[in-house]
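The structure appears below as structure tokens.
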Amino acid sequence: MEIDVVFRWPDLLPEEAEGRVAVVIDVLRATSMIAALLAAGAREVWPVKEVDEARRLASELGGALLAGERGGLPPAGFDMGNSPREVDAKVQGRPVVLTTTNGTSAIQRAARAEALVTAAFVNAGAVVASLLATAPERVLIVCAGTEGAFSLDDALCAGGIVAGLASGAGEAPGCSGVRLTDSAVAARLLYESQQDKLAAAMRSCRHGRRLESLGMGGDIDWAARESVIDLVPVRAPGQGQSRLVAAQAGARLSA
Ligand code: MLT
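Going by this note's numbering, the sequence shown opens with residue 53, and the numbers climb by one from there.
Have a look at this one:
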């Protein structure tokens with residue numbers, strides 16, 4: 053299994069995702085939010101880039117809720133923001149349309165991947181288990197970054213996934229070990245240096261500081277917990293706009 057990491061989604065050309073399994077990460081907070089929504093029973097999550105597009109899609113989908121942020125706060129008329137701590141029982145059985153500043157753009161940029169999942173610290177173990185069960189030839193981890201810049205939270209989580217794959221690959225059937233690109237090695241080293249103080253590291257980064265200044269520092273602690281949600285948000289088969297549905301931890305991924 054070859055594992056590569058792209059630290060900012062604008063660095064990825066759409067065609068570079070072809071033939072690979074993409075793992076998209078935006079720990080603060082889009083992919084933590086996606087895990088929270090599906091864990092709370094949302095039927096599916098539709099990640100879209102623009103606010104107007106989100107409003108249009110939600111009105112076309114029966115019973116959909118609108119979630120997301122601009123500048124960290126919910127756009128006018130949205131049912132919820134992008135805080136995973138806000139997710140409650142109202143999402144059960146309903147589609148949720150999500151638009152965020154960086155995360156949903158990263159998901160769209162990786163759209164040409166053979167299969168696509170999203171990951172955050174909260175469901176990292178489940179994502180690793182599914183990747184090991186699938187044993188794809190090539191894995192591409194795409195970090196959202198923050199407004200075009202490297203973002204420490206995403207790089208740390210990418211490193212955690214690289215570390216999990218590297219330690220599990222020896223025993224996974226059909227997987228003859230891992231080959232890491234330099235960016236994957238760098239992410240792993242970073243994770244290993246901060247593994248026991250993830251929340252503190254995330255508090256020190258630009259995005260973490262901004263959330264604190266908005267009074268949402270609690271989201272950092274929420275998102276820094278490792279593998280507390282046992283599901284994998286996977287792109288559902290079909291043409292057109294991507295939607296993410298919950299798969300069980302360890303389920304094999306298909307195109
Ligand atoms: C993003 O996509 O930029 C983030 O999820 C922003 C946030 O809600 O903190």
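Just so you know, even glycine gets a beta-carbon here, dropped at the ideal spot from N, CA and C.
Span of the beta strand (DSSP E), counted from its first residue to its last, around residue i
i, result
"L150", "147 to 151"
"T170", "167 to 171"
"A298", "296 to 300"
Rounded distance between the beta-carbons of residue j and residue i, thought under 8 Å
i, j, result
"R295", "W98", "5 Å"
"V100", "L109", "6 Å"
"I77", "C195", "5 Å"
"A164", "A69", "Before going further, note that residue 164 is Arg rather than Ala in the sequence given. Rounded, the Cβ-Cβ distance is 5 Å, consistent with contact."
"Q246", "L305", "About 28 Å separates the two Cβ atoms, so there is no contact after all."
"R122", "T156", "Rounded, the Cβ-Cβ distance is 11 Å, inconsistent with contact."
"A275", "A239", "Not really, about 17 Å apart at Cβ, beyond 8 Å."
"V169", "V230", "With a Cβ gap of about 17 Å, V169 and V230 do not count as contacting."
"I272", "A301", "Wrong, their Cβ atoms sit about 24 Å apart, outside the cutoff."
"V180", "G222", "Rounded, the Cβ-Cβ distance is 13 Å, inconsistent with contact."
CB of residue i within 8 Å of CB of residue j, strictly
i, j, result
"V191", "L183", "yes"
"V214", "I55", "yes"
"S203", "P136", "no"
"A91", "I281", "yes"
"T233", "V57", "yes"
"A88", "L150", "no"
"R277", "E264", "no"
"L283", "A171", "no"
"D205", "G260", "yes"
"P127", "E96", "no"
"A119", "M132", "yes"
"E166", "G267", "no"
"G93", "V143", "yes"
"S235", "F59", "yes"
"P188", "M53", "yes"
"A176", "S279", "yes"
"R258", "T198", "yes"
"Y243", "G200", "no"
Which residues DSSP lists as bridging residue i, in chain order
i, result
"D63", "Answer is none; D63 lacks a bridge partner."
"R231", "E54"
Alpha helix (DSSP H) runs contained entirely in the segment 241 to 286, provided each spans 4 or more residues
250 to 256, 258 to 265, 270 to 275
Extract the residue ranges of the beta strand (DSSP E) inside the segment 72 to 141, only unbroken runs of 3 or more that lie entirely within it.
Entirely contained in the segment 72 to 141, the beta strand (DSSP E) runs reaching 3 residues are, in chain order, 73 to 77, 96 to 100, 117 to 120.
Taking only runs of the alpha helix (DSSP H) that begin and end inside the segment 162 to 220, which ones reach a length of at least 4 residues, in chain order?
176 to 186, 204 to 220
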